[in-house]
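Report on the structure given below.
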Amino acid sequence: MEFAAILSVCLVLVFGGVRPFVAEVFLLPSASMSPTLLPGERVLVEKVTLRLGAPERGDLVAFERGGGVEIKRVAGLPGDRVEVRDGVLFVDGERLREPYVDYRLTDGSFFGPVRVSEGSVFVLGDNRSNSLDSRELGPVAEGDLLGRVVGRGF
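Every letter in the sequence shown is one number past the one before it in the working numbering, and letter 35, counting from 1, is 941.
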């Protein structure tokens, strides 16, 4: 009987108590990350490494905004000068190579330049013409990041 009780407690901790702190599956709500991720696709978000260190440019991150969870790509880090020219991302005046962006889908928009404040990141959707991101909503505080996307199709 004692073994069964210990096993039950361990299972509850692993599947109910610890899991939300380590990793979680989220449903992609929109086409803002197309063609990398598709609407309705499930992604696995790992929650540990962002507690141990800062995100890197290019990371896919999850964060809460407006009562839901958003998935976007980190485009700018604290201190970076970010701008979008004709749909193309520039950081500190240098064009970034972004093989995940289909430039045929961009709308030729312009934004910035803006300086990313300390303690925050500038996020963009890969589908630049169909993404509500830091261009409209401002940077995301690093403390609001839930984790990094590490898998898909769950």
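Cβ atoms here follow ideal geometry from the backbone N, Cα and C, with glycine treated the same way.
Limits of the beta strand (DSSP E) - the one that residue i falls within
i: Arg1054; result: 1051-1058
i: Glu947; result: Premise fails: Glu947 is in no beta strand (DSSP E) and is neither H nor E.
i: Phe1074; result: No answer is possible for residue 1074: it lies beyond the span of the chain, which begins at 907 and ends at 1060.
i: Leu933; result: 929-933
Residue interval of the alpha helix (DSSP H) (run including residue i)
i: Arg957; result: 955-958
i: Ser1040; result: 1040-1043
Per-residue burial, residue i [other beta carbons within 10 Å of its own, 16 or more giving buried]
i: Met907; result: In this prediction, Met907 has a pLDDT of 48, which is less than 50 and means its spatial position is unreliable; what the coordinates show is noted afterwards. Met907 should be labelled exposed.
i: Ala968; result: buried
i: Val1056; result: exposed
i: Ser938; result: buried
i: Arg957; result: exposed
i: Gly1049; result: exposed
i: Asp1032; result: buried
i: Phe1016; result: exposed
i: Leu1051; result: buried
i: Ser1037; result: buried
Test item: CB-CB of residue i and residue j under 9 Å
i: Val1029; j: Asp1039; result: yes
i: Val1046; j: Arg971; result: yes
i: Glu952; j: Gly1053; result: yes
i: Leu933; j: Arg1058; result: no
i: Thr942; j: Tyr1006; result: yes
i: Arg948; j: Val928; result: no
i: Ala981; j: Val997; result: yes
i: Pro984; j: Gly1025; result: yes
i: Gly959; j: Arg979; result: no
i: Pro935; j: Gly973; result: no
Sheet register partners of residue i (DSSP bridge)
i: Glu970; result: Val975
i: Leu943; result: Partner(s): none; Leu943 has no beta bridge.
i: Phe1028; result: Gly982
i: Arg1021; result: Arg987
i: Ala1047; result: Ser1026
Worksheet item: Below 8 Å, can you find three or more Cβ-Cβ pairs linking the stretch 1010-1024 to the stretch 982-996?
Response: yes
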